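Sequential numbering of the sequence shown, starting at 106, is according to our numbering. Backbone N, C-alpha and C fix where the C-beta goes; we use that ideal spot for every residue, glycine too. Note that the structure is predicted; figures quoted are calculated from it, not measured. These notes concern the structure reproduced below.
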Amino acid sequence: MDAVADSIVVTSEDACPRDSSMRKSDRPRKLTAKGMENLSGNVGIVMQALIREVRDETMKQMAKAQQETVKEITTSHERIIDTLWNAWKKEQQALKQMIGGQEKAIRQLQQDIQGIQAQAAQERKLMQEQIDELKRMQQHAPRDIEPLQVQASEEIKRIHEKLDIMAQHAVAGSARTNPRQSFADIARDL
106 MDAVADSIVV
116 TSEDACPRDS
126 SMRKSDRPRK
136 LTAKGMENLS
146 GNVGIVMQAL
156 IREVRDETMK
166 QMAKAQQETV
176 KEITTSHERI
186 IDTLWNAWKK
196 EQQALKQMIG
206 GQEKAIRQLQ
216 QDIQGIQAQA
226 AQERKLMQEQ
236 IDELKRMQQH
246 APRDIEPLQV
256 QASEEIKRIH
266 EKLDIMAQHA
276 VAGSARTNPR
286 QSFADIARDL
């Protein structure tokens, strides 16, 4: 502050330059009332200058501190934003991978469903063919069974006739035959 005051203080030499025609003595002068007023006015000017200087310096320091604080806050916020951004990007990447996996699984399921549908259609076709064949067989069965029934009943009649003949021969031949002769032996004799 002294340097500032020294630079602002007006000395008597600055106020009235020495001229070679005007010679003043070098001895100190006594202050008069008017000189005291001038001195107090000079002190007021000096004080105002000092206050301005202190105020300006304080403002500069406050502005610098504020800039540093803003810079620190900005840097801190930038770090937080970078951290959040990186976390968001990682989350997006994970979501993309998960969606990609789900899309792949969906495509596989669609292919499986198409395969199952094709297989079901083929099995349905085969079942319909079998149903149609069974219906045809059912329609033709009476016609196809009738000759078999006739043939079977004729066969049964012949068997009955043979049995009757065997029974008659058995009764008639019981006297001639060995009592221990079997029914099969008798049937062979016929």
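Residues near residue i in its chain [Cβ-Cβ closer than 6 Å; skip 5 each side]
| i | result |
| --- | --- |
| L189 | none |
Closer than 6 Å: residue i CB and nearest the ligand MG heavy atom
| i | result |
| --- | --- |
| L239 | No copy of the ligand MG occurs in the structure displayed, which carries no ligand at all. |
Own chain, CB closer than 8 Å to residue i, minus 5 neighbours either side, in chain order
| i | result |
| --- | --- |
| E196 | none |
Contact with chain D by residue i, beta-carbon distance below 7 Å
| i | result |
| --- | --- |
| K165 | Of the chains in the structure shown, none is chain D; there is only one protein chain. |
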